[in-house]
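Just below is one structure, and these are the notes that go with it.
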Amino acid sequence: MKNPESISVNEDTRLIPVWSIVAAAAAFVLVEYYFWLVLPDQQHHAPPLGLRAYFNISFGLLVSLYFLMVGYVSKDAPRRAMSARFWIALCFVMPGGIGAVLYFLLRQPEVSRCPACSTHVQNDFHFCPQCNYQLTASCGHCFRAVRSTDQFCTQCGHELAADHMPARLRVLGV
Ligand SMILES: [Zn+2]
Ligand SMILES: [Zn+2]
Numbered sequence: 073m074k075n076p077e078s079i080s081v082n083e084d085t086r087l088i089p090v091w092s093i094v095a096a097a098a099a100f101v102l103v104e105y106y107f108w109l110v111l112p113d114q115q116h117h118a119p120p121l122g123l124r125a126y127f128n129i130s131f132g133l134l135v136s137l138y139f140l141m142v143g144y145v146s147k148d149a150p151r152r153a154m155s156a157r158f159w160i161a162l163c164f165v166m167p168g169g170i171g172a173v174l175y176f177l178l179r180q181p182e183v184s185r186c187p188a189c190s191t192h193v194q195n196d197f198h199f200c201p202q203c204n205y206q207l208t209a210s211c212g213h214c215f216r217a218v219r220s221t222d223q224f225c226t227q228c229g230h231e232l233a234a235d236h237m238p239a240r241l242r243v244l245g246v
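First residue of the sequence shown: 73, per my numbering; consecutive thereafter.
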């Protein structure tokens with residue numbers, strides 16, 4: 073068994089990757105460039121400036137939002153044991169952000185990996201289903217969740233200090 077202290081479960085907490093921020097900024101610039109400099113040459117009757125500014129900027133923001141969304145999905149999906157590639161493809165294919173809406177409706181609960189065997193475990197699990205590693209502090213008698221600072225179980229009154237130390241506090245790295 074690996075030493076749990078040497079493993080950090082959620083090392084990368086940044087949910088919007090740099091590439092998608094860069095892509096979003098580039099997309100915004102490109103959209104503005106096209107709408108302000110390329111498109112007016114092809115139009116005979118340009119709409120009033122205020123309307124154009126409103127339309128151009130909101131469209132540019134929408135396009136950048138798309139890239140940020142895809143970046144977010146690429147980071148968020150693996151945390152939920154979902155296929156990032158599938159959902160990114162879906163976000164691109166579905167028009168008008170429907171893919172993104174579907175993603176938020178259908179996404180699975182957040183999962184992390186068991187520090188001992190790397191199995192995907194949901195955050196409400198007390199024990200790893202594959203290797204019995206204790207993921208959260210729990211009572212050694214009734215196995216309900218307890219706070220790591222509690223002395224007695226709030227459900228059954230079991231004295232937590234009597235529990236085998238590694239079983240109760242192993243997850244905290246004490
Ligand atoms: Zn495990
Ligand atoms: Zn208990």
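Just so you know, even glycine gets a beta-carbon here, dropped at the ideal spot from N, CA and C.
| Pick from C163, P167, S184 that is closest to Y175, judged by C-alpha positions | Residue 175 sits at position 103 when you count from the first residue of the sequence shown. It is C163 whose Cα lies nearest to the Cα of Y175.
| said: Please report the distance separating the alpha-carbon of N195 from that of L133. | reply: Reading the sequence shown from its first residue, position 123 is the one you call residue 195. Reading the sequence shown from its first residue, position 61 is the one you call residue 133. Separation of N195 and L133 (C-alpha to C-alpha, rounded to the nearest whole angstrom) is 35 Å.
| field | Any beta strand (DSSP E) of 3 or more consecutive residues that is wholly inside the segment 156–232 | value | The segment 156–232 contains these whole beta strand (DSSP E) runs: 183–185, 192–194.
| Do Y175 and ligand 3 come close, with the Cβ less than 8 Å from some heavy atom? | Among the ligands present in this structure, namely ligand 1 and ligand 2, ligand 3 is not found.
| Local Cβ density within 10 Å of F158, reported as buried at 16 or more and exposed below that | Locating residue 158 in the sequence shown gives position 86, where the first residue counts as 1. Exposed, since its Cβ has fewer than 16 Cβ neighbours within 10 Å.
| said: What would DSSP say about M154, mapped onto helix, strand or coil? | reply: The residue given as residue 154 occupies position 82 in the sequence shown. In the structure shown, M154 falls within a coil segment according to DSSP collapsed to helix, strand and coil.
| query | Is Q180 near ligand 1, judged by its Cβ being under 8 Å from some heavy atom? | reply | Numbered from its first residue, the sequence shown carries residue 180 at position 108. Short note on Q180: C-beta not closer than 8 Å to any heavy atom of ligand 1.
| query | Quick one: complete alpha helix (DSSP H) runs, 4+ long, within the segment 99–127? | reply | With a minimum length of 4 residues, the continuous alpha helix (DSSP H) runs that stay inside the segment 99–127 are 111–114.
| Using the rule of at least 16 other Cβ atoms within 10 Å of the residue's Cβ for burial, across every protein chain shown, is L178 buried or exposed? | Counting from one through the sequence shown, the residue named residue 178 turns up at place 106. The residue is exposed, with fewer than 16 neighbouring Cβ atoms inside 10 Å.
| task | Determine the direct distance from the alpha carbon of A149 to that of Y205, and round the result to whole angstroms. | result | Reading the sequence shown from its first residue, position 133 is the one you call residue 205. Reading the sequence shown from its first residue, position 77 is the one you call residue 149. Taking the straight line from one Cα to the other gives about 24 Å.
| message | Going by DSSP in three states, I88 sits in which element: helix, strand or coil? | response | Position 16 of the sequence shown, counted from the start, is the residue given in the question as residue 88. I88: coil per DSSP, three-state reduction.
| said: Give me the pocket residues for ligand 2, defined as CB within less than 5 Å of any heavy atom, sorted by chain position. | reply: Taking each Cβ in turn, the ones that pass are C211, H213, C214, C225, Q227, C228, H230.
| DSSP three-state assignment for D235, whether helix, strand or coil | Along the sequence shown, read from residue 1 onward, the residue named residue 235 stands at position 163. Residue state for D235 is assigned as coil, using DSSP reduced to three classes.
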